[in-house]
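Before any comments, here is the structure.
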Amino acid sequence: MKINIHASLLLLGPLLLGGCNRHENEKTADTPAPTPVHIVVIGSDGFSAETLRNHPGSFPHIEAMMKNGSFTLKHRSVLPSSSAANWASMLMGASPELHGYTTWGSKHPDLPPRETGSYGRFPGIFGLIRSATPNATTGYFYNWEIMDCLFDKGSETLSKQGSDTAIAKEAIRFIREKQPTLTFIAFHEPDTTGHKNGWLSPEYMKQAMAIDRYVGDIRAAVEQSPIAKTAYVIFTADHGGQAKNHGGKTMAEMEVPFVITGPDIRKNHEIRESTMMYDTAATLADLLRQKRPQVWIGRPIPGIRE
């Protein structure tokens, strides 16, 4: 009896293929879902790297983060070393040449952004999260009113403006009640006092120490919440300062701290690689397992994961 091999293979093919698909489906079904990620970013306007470098022991909460995480005191601002240009770069993963915010107080891009996202501005980390995870909970807390102009407004779950004390309390309540994917807090001190009394003056140091206490309060809220084991906490700043000003090209104005702690972050690890302001957004996207927009030039900070 002749056997039609071709016909037999045609009949067996779907069965073999179906068996392969069933195996893959079973494998997918058995694979645990990715662990949720939660990130809290604490930013302090004008908190220079010199503040920590020259006064060891004065900032117990930030220094505890350094011991329990990865850090650099050579994180560089973009130019100019001014507020709006750098907060925008931190949130948007790119430099002023691309996002268009080029001055201290830019409320709108001073030049056309290279790309405009879904929220009418250069694409930033908040819009990226909302697009990738529509149900994500995100919060944006700030003192300086121009911060309202520097992120994907409308993409956040909650945004609040207030004094440094008020936004610390609001952010802590938000973390405890909502267990958000991203909480971004932008304190206005010690910048205000630096302009009035000088960077590293006794008055400036007093305000910097107050920021350290806020850091301790916020970290305690994270550690006492359900997200304690899955949360990353970052402390950083937009620029430093010299005398009573900033915006120039000195290291005192350009170098700021970047400190990160989290479940798989290397401990007591000094980051030796070059890092820039716009690498913050790229690092957040990497931690959240999100693909970065092509127009971003920021890179995830290397070597911080165990």
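Numbering (my numbering), first residue to last: 19 to 324. We treat Cβ as the ideally placed atom computed from N, Cα and C, and that holds for glycine.
Pair within 8 Å by beta-carbon distance, Y137 and D128: Taking the first residue of the sequence shown as 1, we reach residue 137 at position 119. Taking the first residue of the sequence shown as 1, we reach residue 128 at position 110. Taking 8 Å as the Cβ cut-off, Y137 and D128 do not qualify as a contacting pair.
Can you grab the Cα-Cα spacing for the pair E133 / A299, in whole Å? On the sequence shown, position 115 is the one that residue 133 refers to. On the sequence shown, position 281 is the one that residue 299 refers to. Between E133 and A299, the C-alpha separation is close to 16 Å.
Is DSSP giving E44 helix, strand or coil here? Taking the first residue of the sequence shown as 1, we reach residue 44 at position 26. Only weak support is given to the placement of E44: the predicted model assigns it a pLDDT of 41, under 50, and the value that follows is read from those uncertain coordinates. Helix.
The alpha helix (DSSP H) spanning K224 covers which residue range? Here the question's residue 224 lines up with position 206 in the sequence shown. Segment P220 to E241, the alpha helix (DSSP H) holding K224.
Could you pull the DSSP bridge partners for Y158 from this structure? For this step, residue 158 is matched to residue 140 along the sequence shown. DSSP output for Y158 lists S177 and F202 as bridge partner(s).
What does the alpha-carbon distance come out to for the pair I60 and Q308? Position 42 of the sequence shown, counting from 1, holds the residue named residue 60. Position 290 of the sequence shown, counting from 1, holds the residue named residue 308. Going from the Cα of I60 to the Cα of Q308 covers about 21 Å.
Closest by CA to E115, which one among E324, G321, R323 and W314? What you label residue 115 is simply residue 97 of the sequence shown in a count that begins at 1. The candidate whose alpha carbon is nearest that of E115 is W314.
Can you check the segment 252-285 for any beta strand (DSSP E) of at least 3 residues that lies completely inside it and give the ranges in chain order? 273-279
Cα-Cα separation, A184 to D256: For this step, residue 184 is matched to residue 166 along the sequence shown. For this step, residue 256 is matched to residue 238 along the sequence shown. Their backbone Cα atoms lie some 21 Å apart in a straight line.
Considering L305, what are the terminal residues of the alpha helix (DSSP H) in which it resides? Translated into the one-based positions of the sequence shown, residue 305 becomes position 287. D297 to L305 is the extent of the alpha helix (DSSP H) around L305.
Nearest to E195 (by Cα), restricted to the options S76, N86, A261 and P244: Against the sequence shown, residue 195 aligns to sequence position 177. Comparing Cα-Cα distances from E195 to each of S76, N86, A261 and P244, the minimum goes to P244.
Given H264, which residues of its chain have a CB within under 6 Å of its CB, disregarding the five upstream and five downstream residues? To locate residue 264, count along the sequence shown from 1; it is residue 246. Here the set comprises S99, H257 and E271.
Please report the distance separating the alpha-carbon of D63 from that of D182. In the sequence shown, counting from the first residue as 1, residue 63 sits at position 45. In the sequence shown, counting from the first residue as 1, residue 182 sits at position 164. Distance between the alpha carbons of D63 and D182 is about 11 Å.
Starting from I315, trace the alpha helix (DSSP H) in both directions and tell me its first and last residue. The residue you call residue 315 lines up with position 297 of the sequence shown. From DSSP, I315 is part of no alpha helix (DSSP H); its letter is neither H nor E.
Excluding sequence positions up to five away, which residues of its chain have a Cβ less than 8 Å from the Cβ of F405? With the chain running from 19 to 324 in the structure shown, residue 405 is simply not present.
Give a yes or no on contact between the segment 231-243 and the segment 66-76, applying the rule of three or more CB pairs nearer than 8 Å. no
For E174 and G180, believed in contact at Cβ under 8 Å, the rounded distance: Within the sequence shown, residue 180 is the residue found at index 162, counting from 1. Within the sequence shown, residue 174 is the residue found at index 156, counting from 1. Their Cβ separation, rounded to whole angstroms, is 15 Å, which puts G180 and E174 out of contact at 8 Å.
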